[in-house]
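Residue numbers (UniProt numbering): 1 to 251.
Just so it is clear, CB atoms sit at the ideal spot from N, CA and C, and this is done for glycine as well.
Worksheet for the structure shown next.
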Amino acid sequence: MRSVVLDTETTGMPVTDGHRVIEIGCVELMGRRLTGRHFHVYLQPDRESDEGAIGVHGITNEFLVGKPRFAEVADEFFDFIKGAQLIIHNAAFDVGFLNNEFALIGQMDRADLTAHCTILDTLAMARARHPGQRNSLDALCKRYGVDNSGRELHGALLDSEILADVYLTMTGGQTSLSLAGNASDGNGSGEGSGNQASEIRRLSADRQPGRIIRASESDLAEHAARLEAIAKSAGGPSLWAQLLDAKGQAL
1 MRSVVLDTET TGMPVTDGHR VIEIGCVELM GRRLTGRHFH VYLQPDRESD
51 EGAIGVHGIT NEFLVGKPRF AEVADEFFDF IKGAQLIIHN AAFDVGFLNN
101 EFALIGQMDR ADLTAHCTIL DTLAMARARH PGQRNSLDAL CKRYGVDNSG
151 RELHGALLDS EILADVYLTM TGGQTSLSLA GNASDGNGSG EGSGNQASEI
201 RRLSADRQPG RIIRASESDL AEHAARLEAI AKSAGGPSLW AQLLDAKGQA
251 L
């Protein structure tokens, strides 16, 4: 599947008060890999930005003087996103503004992006997986260990690049398995590990057998609760649950 991670910056909000898009940033994913293709443009909105909005993205009215208007880039932008899965954080905001931009230039056939693209809202996804927690892009970066140290201000292209990393991490699950015994972080990437597995130690055939300790009822209940929490966080059943038959017996 071809996906496009997208973000916009605007003169303010809401769109119904006449606010406009002033920056669009997109990066392309193919097969869950960044291709290096992107679309990025600053736009002349023919109105001034609210001071509060400038405080968020830092894009001044003076900077936008002489930049192209949306009508000048509409075809190129539409060609870049057409048929793709759009991955957007708080999708209703960006899609509403972009639909409005197409409507303002009379391209009504493009004024509903859902007719040309599928939409995946990472904010809705994060809220379902982490209810009751902060799910801003910065919060997700901290939760998933994504570097956002260069994000002093919002910027459409930078934010789309960061969101791509967050999305891939959030939906990718465990990405590697290392059995290295000398890795300081437990995943084979510790200092001096070289990502090499430690030597396999064979156990003696005549060793003293270990004592079997059966799980108690409370242990089983805690185990079931933990599996339920994993399933809720991952958006699907854990591998352990998938390997159980309908009677709860291991296959």
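| field | Cβ pair Ala84, Ser3 closer than 8 Å | value | Contact: yes.
| query | Grouping DSSP H, G and I as helix and E and B as strand, with all else coil, what is residue 287? | reply | Residue 287 falls outside the range modelled here, since the chain spans only 1 to 251, and no answer is possible.
| request: Rounded to whole angstroms, what's the CA-CA distance from Asn99 to Val15? Just pull it up for me. | output: Between Asn99 and Val15, the C-alpha separation is close to 10 Å.
| field | Ala156 versus Gly106: straight-line alpha-carbon distance, rounded | value | 25 Å
| request: Evaluate Gly25 with the Cβ neighbour count: other Cβ atoms within 10 Å of its Cβ, from every protein chain shown; 16 or more gives buried, anything less gives exposed. | output: Result: buried.
| query | Just to confirm, are residue 325 and Phe97 a CB contact at a threshold of 8 Å? | reply | Limits of the chain in this structure are 1 at one end and 251 at the other, which puts residue 325 out of reach.
| Is the beta carbon of Leu64 sitting closer than 8 Å to the one on Leu6? | no
| request: Pull up the distance between the alpha-carbon of residue 252 and that of Ala231, whole angstroms please. | output: Here the chain has residues from 1 to 251 only, and residue 252 is not among them.
| Run through DSSP, which three-state label would Glu217 get? | helix
| task | Write down the C-beta distance between Asp121 and Ile88 rounded to the nearest angstrom, noting that I regard them as a contact closer than 8 Å. | result | Yes, Asp121 and Ile88 are in contact; Cβ-Cβ is about 6 Å, under 8 Å.
| message | Per DSSP, what are the beta-bridge partners of Ser160 in this structure? | response | Bridge partners of Ser160: none, in fact.
| field | Contacting residues, own chain, Cβ-Cβ under 6 Å from Ala103 (five flanking each side not counted) | value | Ala111
| message | Relative to the C-alpha of Leu113, which candidate in Leu34, Glu72, Ile81 has its C-alpha closest? | response | Ile81
| field | Three-state class that DSSP yields for Cys141 in the structure shown | value | helix
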